[in-house]
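Chemist:
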Amino acid sequence: MDHSTLVFASVFPVLSLSHTTPTPVATPILGYAAPGSSFGSPYAGRNADEHGQGQHRALKRGQAWSCATRFLSLPKDTAILPRLHRTRDVEDALCYLLVGEGKSEDGREESLVEWYTNECRLHFASHVRPGLEQLWSGEVQLQHSWDILEETQRGLEQVQGVYLEPFNEHILPFLQQTISASTIRPSKPSQIARADPSDAASWKFRRDIHAIFAHCLPAQRFSKTLSYVLYDAGCRLYWIYIRQDGVQPPSTPEGNTEIRKRMTTLLIGLERVGLGGDNAQKAFAHAMNKLVDSYITSHYLKVDWFTKESMVPPLRNWIENGFCPLVELVLACLRCEQSNVLPTEVTSWQEMALNRLGRARVDNLFDFVMNWDKSLGAVLDIKEYLKAAGAKQHLTSSFSQQVSRRLLHPGATTTYILNVYISIIRSFHVLEPKGVLLERVARPIRRYLKEREDTARIIIASLLTDLSDDTGSKFSANSELSYEIACEMAKPFANYGQDMDEELNWSDMNWQPLPTDASPDYKKSKVEDVIWFLLTLWEREDFINELKNIYGDHLLRCQDPEYEKEIRLLELIKVRLGDDKLQACEVMLRDVLDSKRINASIRAANATPASVLQTPDTRNRNPATPEIRQPRTPRPRRPAQPPPQHALPSWSTPGPPEPQLNAQILSSFFWPSLRDDTFLVPSQISTLQKDYESRFERIKGMRKLRWMNALGSGSITLEFDDRKEDFDALTPWQVSVVYAFQPQAGEEHIAKKKGKGGEGIARNVQQLEEMLEMDESLVRQALAFWTGKSVLREISPSTYTVIESLPRKSSQAAADEDAAAAAEELAAVQAAQTSTIKTQADQLNEKKDIYVAFIMGMLTNQGNMPCTRIAMMMRMMVQGGFPFGVEEVKGLLGEMEGEGKVVGLGGDVWAVKK
Amino acid sequence: MALSNGRGNNSNTTVAARLQKELMDLMLHPTPGISAFPSDENMSTWTATIDGPSSTPYESLILKLSLDFPANYPYAPPVVQFKTPIYHPNVDFSGRICLDILKDKWSAVYNIGTVLLSLQSLLGEPNNASPLNGQAAELWDKDPAEYKRLVLARHKTPEELDA
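Chains V and X supply the protein sequences, listed in that same order.
Under the numbering used here, the first residue of the first sequence carries the number 559, and numbering increases by one thereafter.
Under the numbering used here, the first residue of the second sequence carries the number 199, and numbering increases by one thereafter.
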């Protein structure tokens, strides 16, 4: 032993140094030992020094001590527990040391009980602890945790038995004899003070032993293991199959009673060896926490898609009747002070569980919205959850996040977003009927929808769609129509008091204050009315303007002579938006209805029809697609004329002899501006038009007709040498172009001598442009269309001829077919381009003057500028937007340089030419 | 066909809208000898260019001005200053202009074009009764040759200004 150990031991007695081993039996009892020498308690001698007559007592005590300790020493092998019988000597010694004169005074001498405790401690340290430490030395594997705990518990219990037996047998009885004398100060006076001193001693001894036990186990690891074991037991008891530990449940379920028994046995055992108590309770709490989580994840997160019922009542029931009994059982096993679960605790646990369920649900709320209304059950769960504090904020932020991540990105089509928005409206109406939450989560969606260009068009187009007809094809995935909106529109609706100020309606007995958490611009809304939400995306006037455009388009395209659907839709919209605003739409509707009547009366008056050609029967509804006579966005040709009425011609010729013309007469003041390309129509048609015009003026007094040739549609029959073909729904310019291949006056001889490929008259693009006064782009488009139909063939670049008889020779036929296929494709593409408004190049040319003025102003005032900056400034400054890029600006600058207005300084910098 | 959301009720957007419209008017109907263009995105500052009117001392000179529009335009006049150094009875040496329609006679019916036209005519017909530059007012009548010399001496072309 080195010096420092000795110094330390003199201040803090070290067990192994101060603990006396029993005196060997053979050792002679010496009469007087030197003070402080061995054979006695190390403290005994020092004591004795002070009192002269203490010498004798010390000697006697030493003898007794030796005898008693020898008797009480623990065997090395705890397995064999020798049954000791007290001899007379031992009894005397014990009696003397424990209750007689030899008992320690004021704790200055070591008492026998303390010695025995120490003896146990040392025994434990040398014989039991190594084994336990080895058991607990490594990470405890999950599947072994039960075994390890049980083994530990068994071992400790056995050792405890070994230690307790001598104590109970040989020490306690003496202590019990003297009730009055109490030498042991209990550490917890309040608890033990009035109890029997022997009980106190026993209690203290046990406590010490338990402390030793507990101390030798790694506390953290032990409580984790215990916690896991409890969790495992819980999982098995409740058949939880999605566990946090990833352990798969056994395929054959074990008996509940077995698990329960195993668990209670273990817990009671642990409690017996002192491993219960606070730590175990903590571990238990931990396990229960996890258990609730797992249970919710595994059982209640499943959405009941069929019965659509909320999971909350079963959850509450489980907490009360499933979970609480387990808790009570465990608490009883751990001998807690209070093993009953109070009703308030049950309630708070239910709330807790509900919160967890709610949070887990909210994380998937977007999916529930998408699957509305099969997900009603889940939404009802969330509704319960919303009662919790902070739940609304959590829901708002979580859902907004989900929406921005999954919905508001360029990949989602507007139709899709609209449909989801409708689902959101519906599901949030169930979630919170007041609509405050809806308003909050919908704000970003509404903002986003407003930014999308096609939103208004899709909404209105969907509103105008009739569900009953050919539904399947229209609402395909990429469709621009929203089935949901159409459904909503078809629903019967309550009458709207929307415009009435409800706050001022004093006699409203159902009045309720606004929700406290509503934002200032919260409006009390009929939350469930989806259409209302969509219509309020914009200011009403803007919306109606848009509606007007689309409705007009719709009317012109409509094939139903009675316009039943259109009338109904207009009525529906009037109810929603108020009839005062929809005057224009009404006029539009009346126009098309009147046109029908006028057509009829004019035709009746027109007994003698005109022409002979196989040409067209062009029915002029001004659809957006065909652009012969009445384009979608025509500009009035004579804006100054006071009663502007546009007539949309439509020809229908039942037979070859006589083309027929039906017109749509539109009041230009009320209609949105329509497309108006000018070109010449076939002469018979223009004759008809003039005829019609004069009759119309006769009927309608002073009104003038202006024909819009780019809108409208026609049907024609073409007769070739070898065949006859009918074409419907042609655009007027297609009709005009193919008609231009009719032999003109003085060309009949050409027509007679056919080309060798069965070709008729050939014309090139330029000729056609001149003949028809038509834009080149339209001419080319029509030519491509007819080539695609195998009516025309391109014999040399830009020159076309009629295929009067289809070739027999296969090579020529194949070539024609190829050309036809290619041309058809081209025609389709071109049609798609032109049928919208104008191409970008058209726009650029049209507004070139303004753009030039802008560039001049910019360069004059701001000095020289690089091209990119000019483009940027144009985008910012030009009213109505500047949809072009740097390339177009460069082109413009190049043109302006050619005109001597600007000069390039190199490096893309431009300046005004002086 | 995005619909405007129609929430432009604060003054800045009104001013911007008005200026946007004026810009469009100027671009659609340009007046020879007069030109103006915003300097930056928010449109509150413009740069204008006027050509000196013929048969005046300022003939064939190019003069730059800055226009600064207040938030309550057009109910208050823009602040107009000559950027090009100019020798003129009603303009001081830092370019500030004394013109009644830019002060108390302002009216909301004026616009950029009319202001610039007024300034252009002011060059040929200075108001010598209340000069900012007394010497110029005096010389205008007494010694046109000397006046012209001083005008040219003080003038700088836009290129010189930039340099």
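C-beta atoms are modelled at their ideal positions from N, C-alpha and C, and glycine is treated no differently.
Hey, how far is the Cα of T247 (chain X) from the Cα of N1419 (chain V)?
Modeler: Reading the second sequence from its first residue, position 49 is the one you call residue 247 (chain X). Reading the first sequence from its first residue, position 861 is the one you call residue 1419 (chain V). Going by the C-alpha atoms only, they are around 6 Å apart.
Chemist: If you compare alpha carbons, which of V:A890, V:T822, V:R619, V:G969 is closest to L652 (chain V)?
Modeler: As a first step, residue 652 (chain V) is located in the first sequence; it is residue number 94 there, counting from the start. Among V:A890, V:T822, V:R619, V:G969, the Cα nearest to that of L652 (chain V) belongs to V:R619.
Chemist: So with CB distances below 8 Å, who are the chain X contacts of I1018 (chain V)?
Modeler: As a working note, residue 1018 (chain V) is residue 460 in the first sequence. The contacting residues do not exist; I1018 (chain V) stays about 10 Å from chain X at best.
Chemist: Give me the DSSP bridge partner(s) of L995 (chain V).
Modeler: Here the question's residue 995 (chain V) lines up with position 437 in the first sequence. DSSP, once it has assigned bridges, lists no residue as partnering L995 (chain V).
Chemist: Which residues in the same chain have their Cβ closer than 6 Å to the Cβ of L314 (chain X), if we skip the five residues on either side of it in sequence?
Modeler: Along the second sequence, one-based indexing puts residue 314 (chain X) at 116. I232, A246, I248, listed in sequence order.
Chemist: Could you give the first and the last residue of the continuous alpha helix (DSSP H) run that contains N331 (chain X)?
Modeler: What you label residue 331 (chain X) is simply residue 133 of the second sequence in a count that begins at 1. Segment: none, N331 (chain X) is in no alpha helix (DSSP H) and carries neither H nor E.
Chemist: Give me the residue from X:L350, X:F267, X:N325, X:T355 with the minimum Cα distance to D339 (chain X).
Modeler: As a position in the second sequence, residue 339 (chain X) is number 141, starting the count at 1. Selected option, being the one with the closest Cα: X:N325.
Chemist: Let me see if you follow: with CB-CB separation under 8 Å, is A1411 (chain V) close to chain X or not?
Modeler: For the purposes of this step, residue 1411 (chain V) is taken as residue 853 along the first sequence, with counting starting at 1. True, the Cβ-Cβ gap to chain X drops below 8 Å.
Chemist: Taking the beta carbon of N605 (chain V) as the centre, do at least 16 other beta carbons fall within 10 Å, making it buried, or is it exposed?
Modeler: To locate residue 605 (chain V), count along the first sequence from 1; it is residue 47. At N605 (chain V) the pLDDT is 46, less than 50, meaning the model places this residue with poor confidence and gives no usable figure here.
Chemist: For N814 (chain V), does the three-state DSSP call read helix, strand or coil?
Modeler: Residue mapping note: residue 814 (chain V) aligns to position 256 of the first sequence, counting from 1. If DSSP states are grouped into helix, strand and coil, N814 (chain V) belongs with the helices.
Chemist: When DSSP labels each residue in this structure, what does N898 (chain V) get in the three-state scheme?
Modeler: Locating residue 898 (chain V) in the first sequence gives position 340, where the first residue counts as 1. Looking at N898 (chain V) - three-state DSSP - the assignment turns out to be coil, as it is neither helix nor strand.
Chemist: Counting beta carbon pairs with one atom in the region 671-686 of chain V and one in the region 767-782 of chain V, are three or more of them shorter than 8 Å?
Modeler: A contact exists between the region 767-782 of chain V and the region 671-686 of chain V.
Chemist: Can you confirm whether P968 (chain V), when its beta carbon is compared against all beta carbons of chain X, has any partner nearer than 8 Å?
Modeler: Position 410 of the first sequence, counting from 1, holds the residue named residue 968 (chain V). No, because no Cβ of chain X sits closer than 8 Å to the Cβ of P968 (chain V).
Chemist: According to DSSP, is S785 (chain V) helix, strand or coil?
Modeler: Sequence index remark: in the first sequence, residue 785 (chain V) carries index 227 (1-based). Reduced to three states, the DSSP call for S785 (chain V) is helix.
Chemist: Under 8 Å between the Cβ atoms of L795 (chain V) and N814 (chain V)?
Modeler: Taking the first sequence and counting its residues from 1, the one referred to as residue 795 (chain V) is at position 237. Taking the first sequence and counting its residues from 1, the one referred to as residue 814 (chain V) is at position 256. Yes; because the gap between Cβ atoms is below 8 Å, this pair is in contact.
Chemist: Following a CB-centred definition, is I1016 (chain V) positioned closer than 7 Å to any heavy atom of the ligand ATP?
Modeler: This structure does not include the ligand ATP; it has no bound ligands of any sort.
Chemist: In whole angstroms, give me the CA-to-CA distance for L690 (chain V) and L938 (chain V).
Modeler: Along the first sequence, read from residue 1 onward, the residue named residue 690 (chain V) stands at position 132. Along the first sequence, read from residue 1 onward, the residue named residue 938 (chain V) stands at position 380. When rounded, the distance between both Cα atoms is 53 Å.
Chemist: Can you find a C-beta in chain V that's less than 8 Å from the C-beta of T245 (chain X)?
Modeler: Translated into the one-based positions of the second sequence, residue 245 (chain X) becomes position 47. Yes - at least one Cβ of chain V is within 8 Å of the one on T245 (chain X).
Chemist: So what's H286 (chain X) in DSSP terms, helix, strand or just coil?
Modeler: The sequence position of residue 286 (chain X) within the second sequence is 88, counting from 1. Looking at H286 (chain X) - three-state DSSP - the assignment turns out to be strand.
Chemist: So what does DSSP say about M1454 (chain V), is it helix, strand or coil?
Modeler: The residue given as residue 1454 (chain V) occupies position 896 in the first sequence. The answer is helix: DSSP assigns M1454 (chain V) an H, G or I state.
Chemist: Which whole-angstrom value describes the C-beta separation of N240 (chain X) and V289 (chain X), a residue pair presumed to lie in contact below a C-beta threshold of 8 Å?
Modeler: Taking the second sequence and counting its residues from 1, the one referred to as residue 240 (chain X) is at position 42. Taking the second sequence and counting its residues from 1, the one referred to as residue 289 (chain X) is at position 91. Their Cβ separation, rounded to whole angstroms, is 27 Å, which puts N240 (chain X) and V289 (chain X) out of contact at 8 Å.
Chemist: Alpha helix (DSSP H) containing V978 (chain V): first to last residue?
Modeler: As a first step, residue 978 (chain V) is located in the first sequence; it is residue number 420 there, counting from the start. 972-989 is the span of the alpha helix (DSSP H), which, as asked, contains V978 (chain V).
Chemist: What is the residue span of the alpha helix (DSSP H) that R1261 (chain V) lies within?
Modeler: Your numbering for residue 1261 (chain V) matches position 703 in the first sequence. Unbroken run through R1261 (chain V): none, as it is neither H nor E.
Chemist: Whole-angstrom Cβ separation of V1475 (chain V) and S868 (chain V), contact assumed at under 8 Å?
Modeler: This structure cannot settle anything about residue 1475 (chain V), because the visible part of chain V is limited to 559 through 1472.
Chemist: Give a yes or no on whether 8 Å exceeds the smallest Cβ distance from L261 (chain X) to chain V.
Modeler: Mapped onto the second sequence, residue 261 (chain X) falls at position 63. Closer than 8 Å: no.
Chemist: With 8 Å as the threshold, decide whether the Cβ of T1392 (chain V) is near any Cβ in chain X.
Modeler: Here residue 1392 (chain V) is taken as the residue at index 834 of the first sequence, counted from 1. Residue placement at T1392 (chain V) is flagged as unreliable, the pLDDT there being 46, under the threshold of 50; the coordinate-derived value follows with that caveat. Cβ-Cβ to chain X under 8 Å: no for T1392 (chain V).
Chemist: Quick check on this structure: which residue in V:I877, V:N922, V:R914, V:A918 has the alpha carbon closest to the alpha carbon of P901 (chain V)?
Modeler: Sequence index remark: in the first sequence, residue 901 (chain V) carries index 343 (1-based). Ranking V:I877, V:N922, V:R914, V:A918 by Cα distance to P901 (chain V) puts V:I877 first.
Chemist: Express the C-alpha separation of W1069 (chain V) and Q1056 (chain V) in angstroms, rounding to a whole number.
Modeler: By 1-based counting over the first sequence, the position of residue 1056 (chain V) is 498. By 1-based counting over the first sequence, the position of residue 1069 (chain V) is 511. In this predicted model, Q1056 (chain V) has a pLDDT of only 46, less than 50, meaning its place in the structure is not dependable; the value taken from the coordinates is given anyway. Each residue's alpha carbon lies about 15 Å from the other.
Chemist: Classify R1339 (chain V) as buried or exposed, calling it buried when 16 or more other Cβ atoms lie within 10 Å of its own Cβ.
Modeler: Start at 1 with the first residue of the first sequence, and residue 1339 (chain V) comes out as number 781. Residue 1339 (chain V) is actually Gln in this sequence, not Arg. The residue is buried, with at least 16 neighbouring Cβ atoms inside 10 Å.
Chemist: For K262 (chain X), list the residues DSSP reports as bridge partners.
Modeler: The residue you call residue 262 (chain X) lines up with position 64 of the second sequence. Looking at the DSSP assignment, K262 (chain X) forms a beta bridge with X:T247.
Chemist: Considering only the alpha carbon of each residue, which of V:A616, V:D647, V:D1286, V:H614 lies closest to G629 (chain V)?
Modeler: The residue labelled residue 629 (chain V) in the question sits at position 71 within the first sequence. Checking the sequence shown, residue 629 (chain V) turns out to be Phe, not Gly. Of V:A616, V:D647, V:D1286, V:H614, the residue nearest in Cα terms is V:D647.
Chemist: Cβ atoms of V1360 (chain V) and F1299 (chain V): under 8 Å apart, would you say?
Modeler: As a first step, residue 1299 (chain V) is located in the first sequence; it is residue number 741 there, counting from the start. As a first step, residue 1360 (chain V) is located in the first sequence; it is residue number 802 there, counting from the start. Closer than 8 Å, so yes.
Chemist: In chain X, which residues lie less than 8 Å from Q1420 (chain V) when you measure between Cβ atoms?
Modeler: Here residue 1420 (chain V) corresponds to residue number 862 of the first sequence, with the count starting at 1. Near Q1420 (chain V) (Cβ distances below 8 Å), the residues of chain X are F235, S237, T245.
Chemist: In this structure, how does DSSP classify D1376 (chain V) when only helix, strand and coil are distinguished?
Modeler: Numbered from 1 along the first sequence, position 818 holds the residue referred to as residue 1376 (chain V). Helix, per DSSP.
Chemist: For my contact list, I940 (chain V) and L923 (chain V) are in at a C-beta cut-off of 8 Å; report their separation, rounded to the angstrom.
Modeler: Here residue 940 (chain V) is taken as the residue at index 382 of the first sequence, counted from 1. Here residue 923 (chain V) is taken as the residue at index 365 of the first sequence, counted from 1. Their Cβ separation, rounded to whole angstroms, is 7 Å, which keeps I940 (chain V) and L923 (chain V) in contact under 8 Å.
Chemist: Counting only beta-carbon atoms, is L224 (chain X) nearer than 8 Å to chain V?
Modeler: In the second sequence, residue 224 (chain X) corresponds to position 26, counting from 1. Answer yes: the Cβ-Cβ gap between L224 (chain X) and chain V drops below 8 Å somewhere.
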